[in-house]
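Listed in order, the protein sequences are those of chains A and B.
Counting from 15, one number per residue, gives the positions in the first sequence under our numbering.
Counting from 2, one number per residue, gives the positions in the second sequence under our numbering.
Cβ atoms here follow ideal geometry from the backbone N, Cα and C, with glycine treated the same way.
Data first, discussion second: the structure below is written as structure tokens.
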Amino acid sequence: MANAAMARSRYLRFDLGLTGTKYGCGEGLCGACTVLVDGQPLRACLATVASVGGGQVTTIEGLADGDVLHPVQQAFLEESAMQCGYCIPGFIMSAVGLLERTPNPSTGQIRDALAENMCRCGTYPRIERAVLRAAGGRE
Amino acid sequence: MTITEASAPEGLVIVGASALGLPLPSTGYARQAYGNVSVDFGPATWLTVGGDGAVTVFAGKVEYGQGIRWGLAIAAAEELGLEPSVISVVLGDTERTPWDIGTFGSQSTRHTGVQVRKAAATARQALIELAAGRLDLPPDQLICRDGRMASMADPGRSVSLGELVAGQSVVREIPEEAPVHAPAEFTVMGGYVRRTDGLQRVTGRAVYAQDVVRPGMLFARVLRPPAYGAHLERLDDGVATRMPGVASVVRDGDLVAVLAESDQQADAAHDLLIADWSERAGQISQWDLPAALAADPHDPVVTQELGDVEAALAKAAHRLEESYYIPYIPAAPMEPRAAVAEWADDRLTVWAGTQRPFGIRGELAQFFGIDEDHVHVIAPEIGGGFGSKSIYRPALEAAQLAKLAGRPVRVAYSRIEEMTWATFRPAALITIRSGFDADGRITAWDSHAIHTTVDRPMIGQRGSESPYAADAIRSIVSAGPAPLRPGSYRSLGCAVNHFARESHIDEIATAIGMDPVEFRLRNLPEPRYRRVLEAAANEFGWKTVSTPSGGGAGVAVGLDVGSYAAECVAIGIEGREIRVERVSASIDCGLVFNPEGVRSQMEGAIMMGLGGALFEAAEFEDGHLLNGSFARYRVPRITQMPEVSVTICGGEENPPTGAGEPGIVPIAPAIANAVFDLQSKRIRELPLQRQLS
Ligand code: FES
Ligand code: FES
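This is the structure in structure tokens:
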């Protein structure tokens with residue numbers, strides 16, 4: 015069972031079996047492990063179980079409402095914004111956090127918000143389009 | 002798997018040869034990678050149509066970002082008149098899919114895609130025959146569309162694919178000439194199709210090797226040496242063994258690992274191992290490598306020879322000689338490699354995110370002295386690899402540890418392990434001597450490339466031939482001392498060789514005051530090359546000018562895996578940073594199954610190549626890798642993304658060739674040429690940013 019000092023990402027991945035939260039670096043540098051805590055993006059590999067405390071944690075698995083995808087997930091699907099897909103849950107969580115704060119972001123704001131997420135496959139043009147599409151759909 | 006094992010399931014089964022793309026090359030990487038394979042390449046199941054109408058495609062390739070599942074679904078959907086998203090594609094499983102050489106060299110579309118089309122066309126033919134009997138219509142009056150066979154004249158008269166095969170077992174073999182659709186008949190191929198396996202990815206349900214968990218599984222943390230070539234002298238595991246959750250500390254030859262009930266416990270105990278190492282002194286450091294390569298080339302191979310190059314150089318009106326240096330780079334995929342191994346008696350199952358599940362099966366069988374039939378390798382989704390996951394050490398490590406522990410074991414590399422203990426694209430020092438006349442004609446071309454390839458000379462040879470016309474040409478590729486472990490990487494040495502050649506071509510154009518696009522067009526006899534170059538230059542709005550113009554535009558062309566590519570770039574300088582603002586790319590990869598897939602691969606290859614061009618390089622000193630974490634290893638971020646356009650040229654007149662690799666080939670020289678155009682500074686060493694700041 016998890017102890018309080020355990021990394022949040024490990025707890026999610028192996029104690030709860032929620033492996034949509036990915037491991038990319040374990041050092042807060044790639045964003046593959048991004049989750050939302052009370053709606054704000056957080057690098058789960060850096061936060062401990064204790065530090066998150068009683069906050070509400072949303073992972074990629076909890077984003078859709080049953081079979082209905084979250085608009086950001088739907089937009090990534092429609093733009094084919096993925097190659098290997100390993101970084102994609104992290105990007106989606108960061109983008110959801112951005113759109114919560116800034117419903118109609120400029121491309122500059124999108125890039126700033128996603129600058130700490132890494133996609134080695136270089137899917138960036140499609141990721142940017144997907145976030146724009148998701149934002150547009152919310153107007 | 003052979004057809005006799007298919008146990009005659011209900012439905013239609015299409016079988017065919019699995020040894021595609023063979024015979025193997027007699028030398029080179031693919032040969033080396035497959036030297037240990039001894040399977041019979043018997044026929045295997047490629048496609049099934051179940052009694053419920055479900056269509057499933059089987060292929061031994063793996064999905065590691067190139068969109069093979071997407072491409073194969075499109076190929077089968079085209080022949081069967083289906084929506085690509087309804088087709089299931091089973092990949093990379095040694096017990097379920099046809100044997101496969103491995104996913105590299107952009108062979109997925111060339112061989113496997115063609116075979117899947119043939120399988121689906123064979124299925125259509127069989128279904129038409131069945132439907133003709135059932136509906137009492139001549140076969141040429143039937144159309145296969147949306148899961149039904151229907152009368153062309155009376156669409157109401159139809160039968161579903163499932164009904165046609167329910168309750169029976171029909172096996173058909175793929176004929177030499179399967180009735181695949183001609184390009185003019187395409188309804189699916191060549192059009193826009195959304196990624197078919199996206200849902201798993203956007204919901205976090207796609208399972209990668211790092212995510213595989215088995216009941217009773219132990220988590221391993223392997224003890225790695227502090228430097229290459231270091232030897233373990235003494236190990237004290239007294240404290241580590243007593244840590245909570247630790248099952249054991251295992252030592253098997255060179256392999257030392259902590260096995261624990263959780264990932265965190267394995268890490269914590271690993272940090273308490275006390276190890277004394279003896280390091281190997283005198284290893285080549287990064288700054289010594291160019292000189293070491295120049296001093297010690299060996300095993301030269303002539304990859305291209307025409308005429309007497311020394312005589313042509315002696316006669317040349319103008320001559321130029323320059324050397325170019327390209328450092329080692331790691332592939333740095335987002336998913337560090339991982340494997341889970343599980344033994345049941347003498348049968349071994351391994352989940353491994355490798356590009357070569359069948360090759361790894363052979364290696365495991367050989368290592369443990371068991372039959373290949375007793376080894377089952379499953380490649381789950383793979384979080385990137387770019388060629389580097391052909392060599393896949395954790396599969397063996399996990400299998401060794403699981404055998405000793407008597408429980409399933411997971412070996413998952415950390416980021417630093419991935420960067421340090423995977424392979425690197427070899428470094429190279431390339432010297433080009435050229436002769437030319439004032440009208441822009443190349444008269445002599447002599448290139449000597451020294452790559453740190455060790456036993457994989459193919460890596461350095463790829464793309465070493467010059468496509469430019471000249472009176473005399475010679476290209477020699479040698480191997481040189483290799484302080485880091487060489488391995489595959491997107492396009493192998495092709496992008497490396499092109500950096501030198503395409504930079505040098507620009508230098509000649511500058512020397513004679515000719516526009517670099519114009520100069521290339523004059524000297525490239527191959528029409529497909531000229532067509533991609535013209536397409537990229539048009540799209541870019543290239544203005545004829547001699548360099549340096551101060552404008553910051555650069556161009557380069559390339560050929561890899563049979564596909565032609567050209568890229569024009571516009572750059573600016575922001576502070577001390579080179580900023581790539583715009584890339585107009587074009588590709589001719591023959592017949593295109595999936596244009597969206599081609600664009601996506603080109604965009605990705607450009608982004609990846611931009612990192613290698615601007616700031617990526619492995620840094621190492623005396624056997625120590627210095628930048629094995631993302632804190633010190635910079636890769637391109639979304640903030641560095643240029644505006645990218647991709648023009649697809651050519652098409653059906655040529656067979657399909659690869660699209661995953663060619664995009665990376667022209668990007669680095671195009672940027673270097675643009676830097677020269679902007680700043681009048683010719684940089685002959687990558688990464689460019691390091692030479693500027
Ligand atoms: S795994 Fe958490 S930021 Fe990389
Ligand atoms: S899609 Fe592979 S890392 Fe982003």
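Subject >> Contact check, B/Pro484 vs B/Thr454, beta carbons under 8 angstroms >> reply: no
Original post:
How big is the Cα-Cα spacing for B/Thr49 and B/Val56?
Top reply: 6 angstroms
Original post:
Can you tell me the Cα-Cα spacing of B/Leu73 and A/Phe90, whole angstroms?
Top reply: 21 angstroms
Original post:
What runs of the alpha helix (DSSP H), each 4 residues or longer, lie entirely inside the segment 593-659 of chain B?
Top reply: Counting only runs that start and end inside the segment 593-659 of chain B, the alpha helix (DSSP H) elements of at least 4 residues fall at 596-615.
Original post:
Are the CB atoms of A/Gly104 and A/Cys47 nearer to each other than 8 angstroms?
Top reply: Yes. Within cutoff.
**OP:** Kindly list the residues whose CB is nearer than 6 angstroms to the CB of B/Pro637, restricted to its own chain and excluding five residues on each side of it in sequence; keep chain order.
**Re:** Correct list, in chain order: Met608, Leu611, Gly612.
**OP:** Verify the contact flag: A/Ile102, CB atom, against every heavy atom of ligand 2, threshold strictly below 7 angstroms.
**Re:** yes
Original post:
What are the start and end residues of the alpha helix (DSSP H) that includes A/Met107?
Top reply: Segment 102-115, the alpha helix (DSSP H) holding A/Met107.
Original post:
Is A/Cys133 near ligand 2, with its Cβ less than 7 angstroms from a heavy atom?
Top reply: yes
Original post:
How would you list, in chain order, the residues of chain B whose beta-carbon sits under 7 angstroms from the beta-carbon of A/Pro103?
Top reply: Gly205
Original post:
Should A/Ser23 be listed as close to ligand 1, given that the test is whether its C-beta is under 7 angstroms from any heavy atom?
Top reply: yes
Original post:
Can we count A/Thr137 as close to ligand 2, meaning its CB is less than 7 angstroms from some heavy atom?
Top reply: yes
Original post:
Since B/Ala601 contacts A/Gln87 with CB under 8 angstroms, what's their CB separation in whole angstroms?
Top reply: With the sequence shown as reference, residue 601 of chain B is identified as Ser, and Ala is not the correct amino acid for it. Contact flag wrong, Cβ pair sits at about 18 angstroms.
Original post:
Taking C-alpha atoms, which residue in B/Arg529, B/Arg633, B/Leu430, B/Tyr65 lies nearest to B/Ile477?
Top reply: B/Leu430
Original post:
Would you report the Cα separation of B/Asp237 and B/Gly230, rounded to the nearest angstrom?
Top reply: 20 angstroms
Original post:
Taking 7 angstroms as the cut-off, is the CB of B/Gly629 close to at least one heavy atom of ligand 1?
Top reply: Flag unset: Cβ of B/Gly629 not near ligand 1.
Original post:
Residues of chain B with CB under 9 angstroms from A/Thr116, in chain order?
Top reply: Those within 9 angstroms of A/Thr116 in chain B number zero; the least Cβ separation is about 16 angstroms.
Original post:
Which residue comes first and which comes last in the alpha helix (DSSP H) that contains B/Glu508?
Top reply: 495-513
**OP:** Would you please verify whether the beta carbon of A/Cys44 is less than 8 angstroms from any beta carbon of chain B?
**Re:** yes
**OP:** Determine the direct distance from the alpha carbon of B/Ile460 to that of B/Asp589, and round the result to whole angstroms.
**Re:** 23 angstroms
**OP:** In angstroms with no decimal places, state the Cα-to-Cα distance between B/Glu311 and B/Asp289.
**Re:** Answer to the nearest angstrom: the Cα atoms are 30 angstroms apart.
**OP:** Tell me whether the beta-carbon of B/Arg685 lies closer than 8 angstroms to the beta-carbon of B/Tyr209.
**Re:** no
Original post:
Who are the neighbours of B/Met244 on chain A, taking C-beta pairs under 8 angstroms?
Top reply: Chain A residues near B/Met244: none, gap ~13 angstroms exceeds 8 angstroms.
Original post:
Any C-beta of chain A sitting closer than 8 angstroms to the C-beta of B/Pro334?
Top reply: yes
Subject >> Beta-carbon gap between A/Ser108 and A/Gly42 smaller than 8 angstroms >> reply: Taking 8 angstroms as the Cβ cut-off, A/Ser108 and A/Gly42 do not qualify as a contacting pair.
Original post:
Measuring from the CB of A/Gly76, is there a heavy atom of ligand 2 at a distance below 7 angstroms?
Top reply: no
**OP:** Could you tell me which chain B residues have their CB closer than 9 angstroms to the CB of A/Ala78, listed as they occur along the chain?
**Re:** Val203, Thr204
Subject >> the segment 338-352 of chain B / the segment 424-440 of chain B touching (three or more Cβ pairs under 8 angstroms) >> reply: Too few Cβ pairs lie closer than 8 angstroms, so no.
**OP:** Please determine, among B/Arg215, B/Ile69, B/Ala400, B/Gly68, the residue with the shortest C-alpha to C-alpha distance to B/His375.
**Re:** B/Ala400
Original post:
Can you find a C-beta in chain A that's less than 8 angstroms from the C-beta of B/Ile607?
Top reply: yes
Original post:
Counting only beta-carbon atoms, is B/Leu200 nearer than 8 angstroms to chain A?
Top reply: yes
Original post:
Which residues have a Cβ closer than 7 angstroms to any heavy atom of ligand 1, listed in chain order?
Top reply: A/Ser23, A/Lys36, A/Tyr37, A/Gly38, A/Cys39, A/Gly40, A/Glu41, A/Gly42, A/Leu43, A/Cys44, A/Gly45, A/Ala46, A/Cys47, A/Arg57, A/Ala58, A/Cys59, A/Leu60
**OP:** Answer yes or no: does any C-beta atom of chain A fall closer than 8 angstroms to that of B/Gln690?
**Re:** Cβ-Cβ to chain A under 8 angstroms: no for B/Gln690.
Subject >> Any beta strand (DSSP E) of 3 or more consecutive residues that is wholly inside the segment 438-473 of chain B >> reply: 443-452
**OP:** Drop a sphere of 10 angstroms on the beta-carbon of B/Gly36, count the other beta-carbons inside from all chains shown, and report buried for 16 or more, exposed for fewer.
**Re:** Bear in mind that the predicted position of B/Gly36 carries a pLDDT of just 46, short of 50, making it unreliable; the figure below should be weighed with that in mind. Per the 10 Å Cβ criterion, exposed.
**OP:** Please decide whether A/Leu26 counts as near chain B, where near means a Cβ-Cβ distance under 8 angstroms.
**Re:** no
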